[in-house]
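Residue numbers (our numbering): 280 to 732.
Right under this line is the structure:
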């Protein structure tokens, strides 16, 4: 265990393992959601499940061994929807075409990391945005938790509305959140992990009593593990792994070449700033940033991310990225790569015990996401709100994340506003050359995204 430097980081093996399990529990939903989304693009559901697990293991272990950070990786939400619904269903390209775009993106990521471009981007982000990124991610994942449990829902006007407060999912989410906070205030180790298990247990009781009524057509599934459909998992991997399109699908026309480049750029951009934002947010909460606001071993962390994305495309899944749910493990005391290794082990077990892990409902993991979201809000207190030139970029960075459902979009709006305000105020020297370049790229990304949508 000397490799992970547990003593230097003030942690223990037990703490790291519990933290790793907690991280896994809060992100295990990806094992159910990713196959569901990518199967809509025509991909084999079981094959995508295995690819999701294997890519998560590769990325998370790489993060542990290369950077010694407690950050977990898996196919990212939002990017998988862009893969399936925009590229395949919306634009009419094959899923093999989309996988090729992800693979090229991964290779470009490796090149950018080797040239220290991604590390330079991390250093270029101003402090007001770094602090608000953490708070924005907190709002974002708390919103995800509330939405997963049905506490908040979308309405006909595309606004957020209050869900039904008599539905067991919403009630158990609220009860589970209170239980988790009580456990934390009583200094119970693994409070979030036990909060998830207790909430799941209460759900099972609700199912036995008839309050929680199973209805698969409505998306309400049994909370009890089902071991009857676990034999065909590995057979499907061959249907999605190492599947790329014929060359004429990419280079057959000027339009397909242009669209392929735009798609690669979109994947690259969103993954870059999703990862950047996640690393900043989790690192801020774990107190990893040094006195200059920089992340030690950032290059190694970015390499792990790039390797995971490339491997994921080969295995048959959409872009792999660092998960903000890693914060749950950090809040449980996880400080080193041993936490990440523990999370990776849980993913391996999920291959063989998938019925158990997939039986844990999203409303049971929601309390952990909500509590983590609350705890991440303190970063915004470091922003100087008396200076509106600092406050507006921080505000936009923070609120655009939950409003758009994207960490990257929050960074884009915050970055553009920061540069514009500083330039108009005659404070050009406050803006680094890299931020000017980023602002131009941010605007280009918004235009290109509008064109392909």
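Glycine is no exception: its CB is placed at the ideal position from the N, C-alpha and C atoms.
As the structure is a computational prediction, the values presented were derived from the model and not from experiment.
Query raised in the report: Exposed or buried, which one is residue 614 when buried takes at least 16 other CB atoms within 10 Å?
Result: Buried, by the Cβ-count rule.
Query - the stretch 715-730 touching the stretch 458-466, judged by at least three CB pairs closer than 8 Å - result: no
Query raised in the report: Going along the chain, which residues of its own chain have a beta-carbon closer than 8 Å to the beta-carbon of residue 575, five neighbours each way excluded?
Result: 567 and 569
Query raised in the report: How would you label residue 398, buried or exposed, when you count the other beta carbons within 10 angstroms and need 16 or more for buried?
Result: buried
Query - CA nearest to the CA of residue 384, picked from 710, 543 and 577 - result: Nearest in C-alpha terms to residue 384, of all of 710, 543 and 577, is 543.
Query raised in the report: For residue 679, does the count of other Cβ atoms within 10 angstroms reach 16, so buried, or fall short, so exposed?
Result: Label assigned to residue 679: buried.
Query raised in the report: Of all the options 411, 454, 606 and 555, which has the alpha carbon lying nearest to the alpha carbon of residue 305?
Result: 606
Query raised in the report: According to DSSP, which residues form a beta bridge with residue 494?
Result: 499
Requested in this report: Tell me whether the beta-carbon of residue 646 lies closer than 9 Å to the beta-carbon of residue 478.
Outcome: yes
Query - Residue range of the alpha helix (DSSP H) that includes residue 369 - result: It is not in any alpha helix (DSSP H) - residue 369 carries neither H nor E in the DSSP assignment.
Query raised in the report: Near residue 296, which residues of its chain fall below 7 Å by C-beta distance, leaving aside the five closest residues on each side in sequence?
Result: Contacts found: 621.
Query raised in the report: How is the beta strand (DSSP E) around residue 415 delimited, first residue to last?
Result: Unbroken run through residue 415 is the alpha helix (DSSP H), 406-427; no beta strand (DSSP E).
Query raised in the report: Considering only residues of the same chain and omitting the five flanking positions on each side of residue 529, which have a CB-CB separation below 8 Å?
Result: Excluding positions up to five away in sequence, the list reads 376, 379, 535, 536 and 539.
Requested in this report: Kindly identify the DSSP beta-bridge partner or partners of residue 658.
Outcome: According to DSSP, residue 658 bridges with nothing at all.
Report task. Round the Cβ separation of residue 519 and residue 326 to the nearest angstrom and send it over; I've been treating them as touching at under 8 Å. Result -> 4 Å
**Report entry** Minimum C-alpha distance to residue 582 - residue among 595, 571 and 600
**Finding:** 600
Query raised in the report: Tell me which same chain residues have a C-beta within less than 6 Å of the C-beta of residue 417, skipping the five on either side of it?
Result: 652, 655 and 656
Query raised in the report: Which same chain residues, not among the five before or five after residue 617, have their C-beta less than 6 Å away from its C-beta?
Result: Once the five neighbours on either side are set aside, the close Cβ partners of residue 617 are 283 and 295.
Query raised in the report: Out of 446, 445, 447 and 472, which has the shortest C-alpha to C-alpha gap to residue 458?
Result: 472
Requested in this report: Verify the CB distance criterion: does residue 425 have a CB-CB separation below 9 Å to chain C?
Outcome: Structure shown: chain C not included; a single protein chain is present.
Requested in this report: Could you tell me which of 289, 610 and 649 sits nearest to residue 301, measuring between CA atoms?
Outcome: Nearest of 289, 610 and 649 to residue 301, Cα basis: 610.
Query raised in the report: Would you call residue 492 buried or exposed, if buried means 16 or more other Cβ atoms sit within 10 Å of its Cβ?
Result: exposed
Query raised in the report: With burial defined as no fewer than 16 other Cβ atoms inside 10 Å of the residue's Cβ, what is the status of residue 362: buried or exposed?
Result: buried
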